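Residues in the sequence shown are numbered from 22 upward in steps of one, following the working numbering.
Ideal Cβ positions, reconstructed from N, Cα and C, are used throughout, including at glycine.
Bear in mind the structure is a predicted one, so any value in this text is a computation, not a measurement.
Since the structure comes first, as structure tokens, the remarks are kept for the end.
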Amino acid sequence: MNGDTTYRAYNVHLANTELPVTIEQVRYHLRNEDLRFDDALLTTYIKAAAGYIERTYGLALLNQTIKQYHAAFPCGSNNPLMLRIAPLASVTSIEYTDSAGATQTWTSSEYTSGRMNLGGFIVPAIGYNWPGSVATTPNAITVTYQAGFGAKPSSIPAPITQAMLLLIGDMYSRREDNVVSMPKASEYLLLPWYQWAA
Numbered sequence: 022m023n024g025d026t027t028y029r030a031y032n033v034h035l036a037n038t039e040l041p042v043t044i045e046q047v048r049y050h051l052r053n054e055d056l057r058f059d060d061a062l063l064t065t066y067i068k069a070a071a072g073y074i075e076r077t078y079g080l081a082l083l084n085q086t087i088k089q090y091h092a093a094f095p096c097g098s099n100n101p102l103m104l105r106i107a108p109l110a111s112v113t114s115i116e117y118t119d120s121a122g123a124t125q126t127w128t129s130s131e132y133t134s135g136r137m138n139l140g141g142f143i144v145p146a147i148g149y150n151w152p153g154s155v156a157t158t159p160n161a162i163t164v165t166y167q168a169g170f171g172a173k174p175s176s177i178p179a180p181i182t183q184a185m186l187l188l189i190g191d192m193y194s195r196r197e198d199n200v201v202s203m204p205k206a207s208e209y210l211l212l213p214w215y216q217w218a219a
């Protein structure tokens, strides 16, 4: 669990328009390979399952652009700024509002990024510190970065794909809310990916 108290929010700035599992995969999983009259419903279920997994487990299944907001930079150059959405692909920019109210862009050569466990992080490069003179506002800092397992459904790890298929199958067969008192197979498959609720 992350102890970063500066984090405020994130949003998906540029989503991937491709489905994280294909209609064909879902039809095969449901043993309905020849049925196409439910494709619109299946598409809705795919989006719902993917959205649940991404939000609950702090993941970007397919490549997307994330904007993350912080009230301040961490204290001390050894403390990382943790990125909420994994897996990190690259950092695009770090902008902040200075104490005079002007927007500044932190020079990319002055910081570095990496991965720690499942999540990404940013720290000052060797010989540099976090920018000073940051405005006291809730969203003073905006980090724009790319996250995701890849551009195509085939790049998503198999346990996550299987969990999505199980969730979709459950929605398709029940079509109503149900009470679950024990962990489901999909939860066991996703457990290794849990960082925090995004």
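- Distances from the alpha-carbon of residue 106 to those of 42, 165, 69, 185 put 165 closest.
- In the three-state reduction of the DSSP assignment, residue 73 falls in the helix class.
- Distance between residue 176 and residue 141, taken at the CA atoms: about 19 Å.
- Nearest neighbour of residue 96 by Cα position, chosen from 110, 143, 187, turns out to be 143.
- When the five nearest sequence neighbours on each side are left out, the beta carbons in the same chain lying within less than 7 Å of the beta carbon of residue 110 are those of 84, 167, 168, 169, in order along the chain.
- Beta bridge pairing from DSSP links residue 155 with 119.
- For the 9 Å CB-CB criterion, residue 71 and residue 47 do not form a contact.
- Contact between residue 162 and residue 209 is absent: CB atoms are separated by about 37 Å, not below the 8 Å threshold.
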